[in-house]
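Respectively, the protein sequence lines represent chains A and B.
Numbers given in the working numbering equal positions in the first sequence, counted from 1, plus 852.
Numbers given in the working numbering equal positions in the second sequence, counted from 1, plus 852.
For each residue, glycine too, the CB sits at the ideal point set by N, CA and C.
Structure record follows, encoded as structure tokens.
There are 2 protein chains.
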Amino acid sequence: MDRTNTPCGLDVALTVIGGKWKPLILYHVQSGPTRFSEIRRRVGGISEKILIQQLRDLVKLKVLLRHDHHCVPPVVDYALTPFGETLVKALAPLCAWGTANRDVVGSMVASASSATERGI
Amino acid sequence: MDRTNTPCGLDVALTVIGGKWKPLILYHVQSGPTRFSEIRRRVGGISEKILIQQLRDLVKLKVLLRHDHHCVPPVVDYALTPFGETLVKALAPLCAWGTANRDVVGSMVASASSATERGI
DNA sequence: GCTAGAACCTACTAAAAGGTAAGTGTGAGA
DNA sequence: TCTCACACTTACCTTTTAGTAGGTTCTAGC
Chain A
853 MDRTNTPCGL
863 DVALTVIGGK
873 WKPLILYHVQ
883 SGPTRFSEIR
893 RRVGGISEKI
903 LIQQLRDLVK
913 LKVLLRHDHH
923 CVPPVVDYAL
933 TPFGETLVKA
943 LAPLCAWGTA
953 NRDVVGSMVA
963 SASSATERGI
Chain B
853 MDRTNTPCGL
863 DVALTVIGGK
873 WKPLILYHVQ
883 SGPTRFSEIR
893 RRVGGISEKI
903 LIQQLRDLVK
913 LKVLLRHDHH
923 CVPPVVDYAL
933 TPFGETLVKA
943 LAPLCAWGTA
953 NRDVVGSMVA
963 SASSATERGI
């Protein structure tokens, strides 16, 4: 899915934060370096496989920095890069919008799906 | 995919603008009421089925307003609602971020995929 | 010795999203 | 009459994304 060649920058942004869990990961990592297991606990409901996959994606995109402490048992933490911080800053208004409109959107999603379930 | 019950508002926002084409649709509609065929031409590369699906989603979420002129051959246009405009405003910084970082992200996506293609 | 926890990996499966190709009814222009 | 454009709909297929269930290597604690 190459969405990096359109007039609208949102496509670029969505290649970075698209997916079910990436925004949540970013949200829970912005407070500072966070360990893998800590992210998993905070996010909740995510499988390890998916979490690793998404973290790797974000590292490849240079949004997150992976810091392996090279000890046994393993200790690894993830933190925002400066680039990642610019992204999080750009994300803030959208996050606020979502928070302000959670109930509105939630009820509309619910009514839309119940309507289609009833075949309307 | 219910993402409307998390501490982070981004999930709410992504239920609205998630998907391959929605941001692009929003982008091309923000200038004023736009006809279906005009949106299709502007977006480019989208199939009619998907465009209709996405437009319907956005109408259900009360982000867009569908105006059917009830004439034959059919004339229908889509415009942002006031609610949709608050969303577009919240989206602006992210859009700017994407535009500013298109080349950076694009090259990183490219190098990441070529790396995996080579089995690295 | 046995278990738990750390941070992963691998195969397989399920669900969601997107895409293709066809068809609908109508009227204006060639 | 024939075709085109309009705004869709339907059935079917492919791709992408997410989830499940197992395994690995190592150490500390019981």
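Contact between leucine 916 of chain A and leucine 903 of chain A is ruled out by a C-beta separation of about 12 Å, above the 8 Å threshold. At a cut-off of 7 Å between beta-carbon atoms, glycine 861 of chain B makes contact with chain A.
Going by beta carbons, proline 945 of chain B and alanine 942 of chain A fall inside the 7 Å limit. For leucine 916 of chain A, the enclosing beta strand (DSSP E) has its first and last residue at 916-920. Contact note: glycine 936 of chain A does not reach chain B at a C-beta cutoff of 7 Å; the least C-beta distance is about 11 Å. Among the bridge pairs identified by DSSP, tyrosine 879 of chain A is matched with none. With a cut-off of 8 Å on Cβ pairs, the segment 923-934 of chain A is in contact with the segment 885-896 of chain A, counting three or more such pairs.
For alanine 931 of chain A, the beta-bridge partners assigned by DSSP are A:Leu917. For the segment 947-959 of chain B, the beta-carbon criterion of a distance under 7 Å to any beta-carbon of chain A is satisfied by Cys947, Ala948, Trp949, Gly950, Thr951, Asn953, Arg954, Val957 and Gly958. According to the DSSP assignment, valine 864 of chain A belongs to the alpha helix (DSSP H) that extends over 862-869.
Tyrosine 879 of chain A belongs to the set of residues whose beta carbon lies under 7 Å from a beta carbon in chain B. Close CB contacts of leucine 910 of chain A within its chain, under the 6 Å cut and outside five residues either way in sequence, are with Leu916 (chain order).
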